[in-house]
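When you line the sequence shown up against this note's numbering, it's residues 1154 to 1339, in that order. Working notes, structure below.
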Amino acid sequence: MKRVNDEEMQTMFEKGQTKRAIANHFGVSEQYIGKRLKQLEAYRLPESVQKLTDKQKKYALARAEGKSKTDSAMEAYDTKDRDSAKALGYTLSKDPDINTAIHDLLAQEGIPRRRRIQRLKDMIECSDMNVVGKGLDMANKMTGEYAPLQVDMTLTDEMIVKWIDCAVEMAKANAIEIEDSTANKN
């Protein structure tokens, strides 16, 4: 049986009561209260994670554990279809709130972005070329260099009409070719 009710202890501490007063209330030592508060604080999720929905929290925690976007989405959203989980994982990975939560979770575990970059640098400078290749691959993913190039285009109504006319002409030409090829077979 627990000697201290953690929720009650945290509530008392947040209301401004001293550790000594809390210790007297529960009949334990002041050091025990201090250690227990420190332990509970270590397991507390960062504020950025607490702002997320329950499913987004599950996704962020799974990503911080090292699971892929697809596997994290399947786990968090109970998706059976891998293709829909893949699309959902991609969408969630672009959400800035979720990315902030993942970074905060990693930082809480003692592996902030700067440390990860230092370790990546060590991989790239390794003498084993397989490790170097993996390190470069990870660095490119991290910086978004594998992302497809986006081109913004503005189409006028005239351009759209011409494009549709061209597509119709191509469809007619393909239909004629199909008719000719079936006529030649008979």
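By construction, the Cβ of each residue, glycine as well, lies at the ideal position given by its N, Cα and C atoms.
Residue j and residue i - do their beta-carbons sit closer together than 8 Å?
{"i": "residue 1167", "j": "residue 1176", "result": "no"}
{"i": "residue 1227", "j": "residue 1238", "result": "yes"}
{"i": "residue 1242", "j": "residue 1274", "result": "no"}
{"i": "residue 1185", "j": "residue 1208", "result": "no"}
{"i": "residue 1172", "j": "residue 1187", "result": "yes"}
Round the Cβ separation of residue i and residue j to the nearest angstrom and send it over; I've been treating them as touching at under 8 Å.
{"i": "residue 1276", "j": "residue 1284", "result": "5 Å"}
{"i": "residue 1189", "j": "residue 1165", "result": "The Cβ separation is near 12 Å, so there is no contact."}
{"i": "residue 1202", "j": "residue 1257", "result": "7 Å"}
_I'd like to know if the stretch 1196-1211 and the stretch 1255-1272 are in contact, where contact means that at least 3 CB-CB pairs between them fall below 8 Å._
yes
* Would you call the stretch 1240-1253 and the stretch 1212-1227 touching, i.e. three or more CB-CB distances under 8 Å? -> yes
Which runs of the alpha helix (DSSP H) spanning at least 4 residues fall entirely within the stretch 1236-1286, listed in chain order?
1249-1261, 1266-1277
*Just list the alpha helix (DSSP H) runs in the stretch 1168-1208, keeping only unbroken ones of 4 residues or longer that don't cross its boundaries, in chain order.*
1172-1179, 1183-1196, 1200-1203
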